[in-house]
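Participant:
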Amino acid sequence: MNLSTVLLISLMVSTLLILISFWLPQLYPDTEKLSPYECGFDPLGTARLPFSLRFFLVAILFLLFDLEIALLLPLPWAMNLNRPTETMILTTTILLLLTLGLIYEWTQGGLEWAE
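Under the working numbering, the letters of the sequence shown match residues 57 to 171, in that order.
(1) In three-state terms, what does DSSP make of Trp79?
(2) So which of Leu120, Met57, Trp169 has the shortest CA-CA distance to Gly157?
(3) List the endpoints of the continuous alpha helix (DSSP H) containing Tyr160.
(4) Taking only three categories from DSSP, how would you classify Met57?
(5) Just to confirm before moving on: does the CB-CB distance between Thr128 and Thr147 stay below 8 Å?
(6) Can you find the residues in the same chain that come closer than 6 Å, C-beta to C-beta, to Thr163, ignoring five residues on each side of it along the sequence?
(7) Whole angstroms are fine: how far does the CA of Leu154 sit from the CA of Thr141?
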């Protein structure tokens with residue numbers, strides 16, 4: 057078997073399994089499975105609570121700076137530049153842009169919890 061045959065068979069099997077996973081639960085619908093579980097008691101209210109966008113903003117900022125660190129740490133080895141000053145200029149530029157974005161978000165009041 058060549059590579060295209062193996063890829064075609066694996067694509068067909070994975071597509072079949074995905075279709076079965078969507079089709080099988082519809083045979084026997086169960087309302088108990090769809091209800092929220094609260095330690096054996098009947099739910100008192102809705103299971104969907106409103107989510108504050110402040111938490112979302114903090115999470116996005118954390119991911120942004122976390123990705124920045126993940127990209128900047130291997131930068132000197134990945135660039136293989138002859139002069140280390142070029143790497144320092146590139147790193148400083150990235151850090152400066154992210155710091156300016158953080159300062160802008162701070163001045164706009166995006167990091168304040170009280171409205």
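Ideal placement from N, C-alpha and C gives every residue a C-beta, glycine not left out.
Facilitator: In this structure, then:
(1) helix
(2) Leu120
(3) 140-163
(4) coil
(5) Reading off the sequence, residue 128 comes out as Leu, not Thr. Yes, Cβ-Cβ distance for Leu128 and Thr147 is below 8 Å.
(6) none
(7) Each residue's CA atom was taken as its position, placing Thr141 and Leu154 some 20 Å apart.
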